[in-house]
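One structure is given here, and the rest of the page talks about it.
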Amino acid sequence: MSRRVSRSALLLLAAAAAGCRSATVADPASLAAADPLPYSVLVSGGGFVTRGLGGAPETPLQSTYPIDPAEAFPLASVTEALRRGRVFVRLEQDQRGADARAHLAAMAESPTLGDLPAQELLREAREGGHDYVLLLERLQDGPIEQGGINEQWPLTISTWFLLGLGFLIPDHTYESRATLRVSLREVQSGRTVDDRVLAAGPVDLSLVERGHVWSLLSSIVVPPFWAADDPEGVAVIVRELTTRRLMLALARQLKSLEVGERLRERAAAAIEVRREGRGVLVRIDSREPVSIVRLRLDRVPLRGAEAAEFERRLLHSATLLEGRVLRHEATWDAPLSGRHLQVLVQTQAGGVASVTVALREEGQ
């Protein structure tokens, strides 16, 4: 009978521990099943730490990130999380050094990206065939708050009595108040089309993660949720989990229906590109007449008589829909031997919009 109880308790313990950890740190690859947003994006800025006026922290939990190094995590880790989540059709990382990217991030505080380095970034983004710049502007540091014993304590005490393994149950909650501010910028002017402040949310830790040797020893005679914390150990693991949660939050929010709809609403024209036989159908809806249309295949402008004829047909195809919306539509019938097609549009009032679509899957 005791063997049956032990086996059941072990299964319960494994399921509970796995469920708590998966809820704490999800995988951005879980986003990859949904279609990416039809844009090419250049990622710049970085996780540069800023702190309030309180000065250096006196205890480990008064701060999530140390001020040194100033860049709390590499920009490549952000780019990788977005790629794994297939957030955008195409993604590239700014190759500037940390000092140059820190300057760009600081410039984001101003209403426009008006200084020379920022204008250079936008120029490179345009020439690189990107539709937007994703700028990581500021990692605002904050304390790690202790939420105390959470609702897992009955499971802790049960496994403590049955197996002596209650120290594996994540029964204490902590939450970093650090936040990451990011913005999506239109590549022509640097205008902000979407910005948001991301938080990591609470994380649950077991005694093994939050305690020290004496805490584990004391859990022999007292329930593990009453054992003391190791503040330095808590700070290290909460920092790691917070960083991963911020990247996941960034990927999830950028790929949300809300952001996709906002980008379409704030663009000068709504552009749709879909496969049509061997070629593609391009449809443009705008409230202003379209004056210029350009196609780029893998960042190279399509030129020649065929491209000129397609652009002419598209511009002269305007029909008036309900709500005084002008629709332009035309089909490029010939096969396009490339990976990414970018469609750029300019209206008569000077508004610019663009999208990028994948003509074939990665690896094909």
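In terms of our numbering, the sequence shown opens at residue 959 and continues consecutively.
Ideal Cβ placement from N, Cα and C applies to all residues, glycine included.
To the nearest angstrom, report how far apart alanine 1209 and arginine 1044 are at their CA atoms.
Rounded to whole angstroms, alanine 1209 to arginine 1044 spans 9 Å at the Cα level.
How about valine 1001 and valine 1036: are their beta carbons less than 8 Å apart?
In contact: valine 1001 and valine 1036 (Cβ atoms closer than 8 Å).
How many angstroms separate the CA atom of leucine 1049 from the CA atom of proline 1293?
Straight-line Cα distance between these residues: approximately 24 Å.
Return yes when at least one heavy atom of the ligand FAD lies under 7 Å from the C-beta of alanine 1157, else no.
No copy of the ligand FAD occurs in the structure displayed, which carries no ligand at all.
By DSSP, does glutamate 1190 sit in helix, in strand, or in coil?
If DSSP states are grouped into helix, strand and coil, glutamate 1190 belongs with the helices.
At a cut of 8 Å, does the region 1147–1161 reach the region 1194–1211 through at least three beta carbon pairs?
Cβ pair count under 8 Å is three or more, so yes.
By the three-class DSSP mapping on this structure, what secondary structure does phenylalanine 1031 have?
Note: phenylalanine 1031 maps to coil in three-state DSSP.
How many angstroms separate the CA atom of glutamine 1098 from the CA atom of leucine 1163?
Each residue's Cα considered, the two are about 23 Å apart.
Can you give me the C-alpha to C-alpha distance between arginine 1084 and glycine 1105, rounded to a whole angstrom?
Spanning the two alpha carbons is a distance of roughly 47 Å.
Taking contact to mean at least 3 C-beta pairs separated by less than 8 Å, is the region 1309–1318 in contact with the region 1224–1235?
Judged by Cβ distances under 8 Å, the region 1309–1318 makes contact with the region 1224–1235, as three or more pairs qualify.
State the Cα-Cα distance for the pair glycine 1005 and aspartate 1089, rounded to the nearest angstrom.
Near 22 Å, if we compare the C-alpha coordinates of aspartate 1089 and glycine 1005.
Would you kindly check if the distance between the Cβ of valine 1196 and the Cβ of valine 1166 is under 8 Å?
Against a cut-off of 8 Å, the Cβ pair of valine 1196 and valine 1166 comes out as no contact.
Quick one: residues in its chain with C-beta nearer than 7 Å to the C-beta of leucine 1221, no 5 flanking neighbours on either side, listed in chain order?
Cβ neighbours of leucine 1221 beyond the five flanking positions: Val1151, Asp1152.
Assess contact between the region 1229–1240 and the region 1278–1289, defined as three or more Cβ pairs (one per stretch) separated by less than 8 Å. Is contact present?
Yes, they touch.
Jot down the residue ranges of each uninterrupted beta strand (DSSP E) in the region 1242–1314, minimum 3 residues, whole runs only, in chain order.
Correct list: 1248–1255, 1277–1279, 1283–1290, 1298–1305.
Entirely within the region 1154–1240 and at least 3 residues each: give me those beta strand (DSSP E) ranges in chain order.
Qualifying beta strand (DSSP E) stretches, in chain order: 1160–1163, 1228–1234.
Rank Ser1214, Leu1272, Ser1295, Pro1027 by C-alpha distance to the C-alpha of arginine 1285 and give the top, closest one.
Nearest C-alpha to arginine 1285: Leu1272.
Express the C-alpha separation of glutamate 1095 and glycine 1087 in angstroms, rounding to a whole number.
Their backbone Cα atoms lie some 22 Å apart in a straight line.
Between threonine 1027 and serine 1021, is the Cβ-Cβ spacing less than 8 Å?
Inspection of the sequence shows that residue 1027 is occupied by proline rather than by threonine. No; because the gap between Cβ atoms is not below 8 Å, this pair is not in contact.
With distance defined between alpha-carbon atoms, name the residue in Ser1295, Thr1200, Arg1245 nearest to glycine 1281.
Closest by alpha carbon: Arg1245.
Quick one: using the 10 Å Cβ neighbour count with 16 as the cut-off for buried, is threonine 1277 buried or exposed?
Classification of threonine 1277: exposed, given that the 10 Å Cβ count is below 16.
Applying the criterion that 16 or more other CB atoms from any shown protein chain within 10 Å of the CB defines a buried residue, is threonine 1305 buried or exposed?
So threonine 1305 counts as buried.
Out of Ala1265, Ala1056, Arg1257, Ala1263, state which residue places its alpha-carbon closest to the alpha-carbon of glutamine 1300.
Of Ala1265, Ala1056, Arg1257, Ala1263, the residue nearest in Cα terms is Arg1257.
With distance defined between alpha-carbon atoms, name the residue in Glu1264, Pro996, Glu1078, Thr1137 nearest to isoleucine 1102.
Cα-wise, what sits closest to isoleucine 1102 is Thr1137.
Would you mind working out which of Lys1213, Asp1187, Glu1269, Glu1216 sits nearest leucine 1239, comparing C-alpha positions?
Looking at the Cα atoms, Glu1269 is the closest of the given residues.
According to DSSP, which residues form a beta bridge with arginine 1139?
Answer is Arg1096, Val1155, bridged to arginine 1139.
Could you have a look at glutamine 1077 and say whether DSSP puts it in helix, strand or coil?
Glutamine 1077: helix per DSSP, three-state reduction.
Mark arginine 1261 as exposed unless 16 or more other C-beta atoms lie within 10 angstroms of its C-beta, in which case mark it buried.
So arginine 1261 ends up on the exposed side.
Which term fits proline 1128, buried or exposed, when burial requires 16 or more other beta carbons within 10 angstroms of its beta carbon?
Label assigned to proline 1128: buried.
So the beta strand (DSSP E) leucine 995 belongs to, where does it begin and stop?
Note, leucine 995: beta strand (DSSP E), 995–1003.
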